[in-house]
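Single-structure report; data block below.
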Amino acid sequence: MSHSNTGSSARPAPRMEAEHYFRFRCAPGLDCFTQCCRDVNIVLTPYDLLRLKNALAIDSNEFIEKYAIVLSKENRLIPLVFLKMREDDKQCPFVTEQGCTVYENRPWACRMFPLDAAEDGTFYLITDSSRCKGLDEPMTRQIGEWLVEQGVVPYDEMNQLLTTITAPLKAQNLDIDNPDIAKMIFMCLYNLDKFRDFIFKSSFLSRFELDPLRIEKIKRSDLELLKFAFDWIKFGIFGEKLFKVKQPASDVKKA
Ligand code: SF4
Ligand code: SF4
52 MSHSNTGSSA RPAPRMEAEH YFRFRCAPGL DCFTQCCRDV NIVLTPYDLL RLKNALAIDS
112 NEFIEKYAIV LSKENRLIPL VFLKMREDDK QCPFVTEQGC TVYENRPWAC RMFPLDAAED
172 GTFYLITDSS RCKGLDEPMT RQIGEWLVEQ GVVPYDEMNQ LLTTITAPLK AQNLDIDNPD
232 IAKMIFMCLY NLDKFRDFIF KSSFLSRFEL DPLRIEKIKR SDLELLKFAF DWIKFGIFGE
292 KLFKVKQPAS DVKKA
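In the working numbering, each residue's number is its place in the sequence shown (first place is 1) plus 51.
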């Protein structure tokens with residue numbers, strides 16, 4: 052679960068498919084308006100963080116310091132990153148009485164609410180109409196269409212790419228306890244501005260053969276940079292041949 056309020060029902064919620072309909076309409080004026088943006092656990096994906104830090108026009112390091120809680124666990128190469136609620140009133144730092152101030156760039160979990168996605172591709176409600184009054188509204192929506200409207204698609208695409216790293220990590224149960232590797236992975240996923248510096252301000256470009264067009268793209272686009280970061284992790288951790296080491300000039304001469 053990626054967006055959870057405190058308190059939950061014991062019975063498992065029924066599963067629904069994308070073509071199923073559910074009753075829902077969220078709008079200012081409902082008693083519960085913005086209540087779901089309070090005291091809530093929101094896991095941030097790397098793409099969530101990218102969108103938010105750009106919306107706020109700050110760099111990823113500043114975002115992590117101000118708005119994130121990073122939870123590292125033993126044997127877990129990728130830590131969990133949560134959106135930090137305000138200390139005084141436990142509200143999301145981006146909520147006002149009028150609603151979400153980062154609405155266009157709100158995280159995946161906020162777009163999904165009051166639904167969550169199960170690993171098998173089905174959906175289920177993570178709250179009920181006692182707390183989320185929108186579930187009592189007469190309007191019915193088809194889940195698939197509603198998700199498209201919520202702008203979930205690009206988030207799903209990036210999260211799908213992320214699972215090409217997290218799934219084999221889970222399956223292979225790799226015994227990596229080198230803190231430098233963990234730091235590198237965190238930087239690649241969550242500290243993109245630092246990762247960009249790593250590429251352009253270290254000897255990186257002189258060590259690897261890269262398509263000049265791709266270099267230009269990652270210079271300008273955080274999205275391309277994140278995709279590049281995924282490849283870099285796969286190269287480093289799983290040995291996928293996605294990068295070619297440059298041959299030193301002396302070797303080329305010999306050859
Ligand atoms: S609790 Fe439900 S209806 Fe109320 S503001 Fe949140 S999403 Fe909308
Ligand atoms: S990011 Fe926006 S939608 Fe999500 S909890 Fe904060 S205010 Fe609510």
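Backbone N, C-alpha and C fix where the C-beta goes; we use that ideal spot for every residue, glycine too.
Predicted, not measured: the structure shown is a model, and the values here were computed from it.
On a CA-only basis, which of the options is nearest residue i? Give me that one, please.
| i | options | result |
| --- | --- | --- |
| Asp207 | Arg76, Cys77, Gly80, Thr96 | Thr96 |
| Lys184 | Ile232, Gly290, Thr85 | Thr85 |
| Asp231 | Ile288, Leu103, Ser111 | Ile288 |
| Glu148 | Leu81, Met163, Arg258 | Leu81 |
| Val204 | Met67, Asp187, Tyr98, Cys83 | Tyr98 |
| Glu68 | Glu196, Ala160, Arg137, Val94 | Glu196 |
| Asp112 | Trp283, Cys161, Pro263, Asp244 | The sequence as given places Asn at residue 112; Asp does not occur at that position. The shortest C-alpha separation from Asn112 is found at Asp244. |
| Pro219 | Lys285, Asp90, Ala119 | Lys285 |
| Pro189 | Glu70, Arg66, Cys77, Phe174 | Cys77 |
| Ala169 | Asp139, Glu138, Gln201, Arg66 | Arg66 |
| Asp248 | Ala119, Asp110, Phe164, Asp262 | Asp110 |
| Ser254 | Asp262, Asn229, Lys297 | Lys297 |
For the beta strand (DSSP E) that contains residue i, what are its first and last residues?
| i | result |
| --- | --- |
| Arg192 | 191 to 193 |
| Arg74 | 72 to 74 |
| Ile266 | Not the beta strand (DSSP E): Ile266 falls in the alpha helix (DSSP H), residues 263 to 271. |
| Asn229 | Premise fails: Asn229 is in no beta strand (DSSP E) and is neither H nor E. |
| Val91 | 91 to 93 |
What is the residue span of the alpha helix (DSSP H) that residue i lies within?
| i | result |
| --- | --- |
| Val204 | 204 to 223 |
| Asn242 | Note, Asn242: premise wrong, no alpha helix (DSSP H); not H, not E. |
| Asn105 | 97 to 106 |
| Ile255 | In the sequence as displayed, the identity of residue 255 is Phe instead of Ile. 255 to 258 is the span of the alpha helix (DSSP H), which, as asked, contains Phe255. |
Determine the contact status of residue i and residue j, defining contact as a CB-CB distance below 8 Å.
| i | j | result |
| --- | --- | --- |
| Arg74 | Thr217 | no |
| Leu128 | Ile236 | yes |
| Val146 | Val132 | no |
| Phe259 | Phe294 | yes |
| Ala64 | Leu176 | yes |
| Asn210 | Trp159 | yes |
| Arg89 | Lys141 | yes |
| Ala106 | Glu138 | no |
| Leu186 | Phe281 | no |
| Arg182 | Cys83 | yes |
| Asp273 | Leu101 | yes |
Let me check one thing: in DSSP terms, what residues is residue i bridge-paired to?
| i | result |
| --- | --- |
| Asn112 | Answer by DSSP bridge pairing: none, since Asn112 is not bridged. |
| Val296 | Phe259 |
| Met67 | Phe174 |
Practice item. With a floor of 3 residues, list each beta strand (DSSP E) that falls wholly inside the region 117 to 188, ordered by position along the chain. Key: Those beta strand (DSSP E) runs which fall completely within the region 117 to 188 and span 3+ residues are 119 to 122, 131 to 134, 166 to 168, 174 to 176.
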